[in-house]
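In case it helps, full-length UniProt numbering puts the sequence shown at residues 1 to 144. Where a beta carbon is used, it is the ideal one built from N, C-alpha and C, also for glycine. Encoded as structure tokens, the structure appears first; notes follow it.
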Amino acid sequence: MKEYFEGVQQHIADQFRPGILDDEIEFDEYSLGDSDEEKKYRQWCLEQNLFLNPLNDIGSNSIAAQDILHLGSVSGEESSKIVSSVGFYNQMKQEYVSARYLLYEGLQNDEPHFSDKDVRLENTLDYPVYSFNAEKVQIAMRMA
1 MKEYFEGVQQ
11 HIADQFRPGI
21 LDDEIEFDEY
31 SLGDSDEEKK
41 YRQWCLEQNL
51 FLNPLNDIGS
61 NSIAAQDILH
71 LGSVSGEESS
81 KIVSSVGFYN
91 QMKQEYVSAR
101 YLLYEGLQND
111 EPHFSDKDVR
121 LENTLDYPVY
131 SFNAEKVQIA
141 MRMA
């Protein structure tokens, strides 16, 4: 049994150059986007741990500012079911990232939207929040 594990250890060691674990990893050298608005959005996503990325667990570093979570290589005899499953996964992922952006927009915009202008609402004395931005947050929650 010892020989087996020594063989596995040697196999792993053969895959990497010596000292690779001593290399410093740069977690914040990655771009958050092109525009200031995109950078602000991606920074918010990092702070809220909303990227589909296991590196979110390490911290709010720019290396995690990508939705890299995926199914990996999938193969099998019933390829039509696999394609359907991958398509469903892609749809769920796109719905999530769209909901995430709607949530961001709804929470970040403090200014009333022009669509709220001249909308007369009755005072029900229960302090509801009605606005286009509040609707974005509600839609995002329903989607997610």
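1) Counting pairs of beta carbons, one from the region 115–127 and one from the region 63–80, are three or more of them closer than 8 Å?
2) Quick one: grab the DSSP three-state call for Y4.
3) If contacts are defined as beta-carbon pairs under 8 Å, then residue 214 and L52 qualify, I think. What distance do you get, rounded to the angstrom?
4) Using the beta-carbon count (16 or more within 10 Å), is Y4 buried or exposed?
5) Quick check: the region 130–144 against the region 105–114, are there 3 or more CB pairs under 8 Å?
6) Pair every Cβ in the region 57–64 with every Cβ in the region 17–28, then say whether three or more of these pairs are closer than 8 Å.
7) Excluding the five sequence neighbours on either side, which residues of its own chain have a C-beta within less than 8 Å of the C-beta of S35, listed in chain order?
8) From what residue to what residue does the alpha helix (DSSP H) around N133 run?
9) Cα separation between Y101 and G7?
The answer reads as follows:
1) no
2) helix
3) Summary: the structure shown does not reach residue 214, with the chain confined to residues 1 through 144, and so no result is reported for it.
4) exposed
5) yes
6) yes
7) none
8) F132 to M143
9) 49 Å
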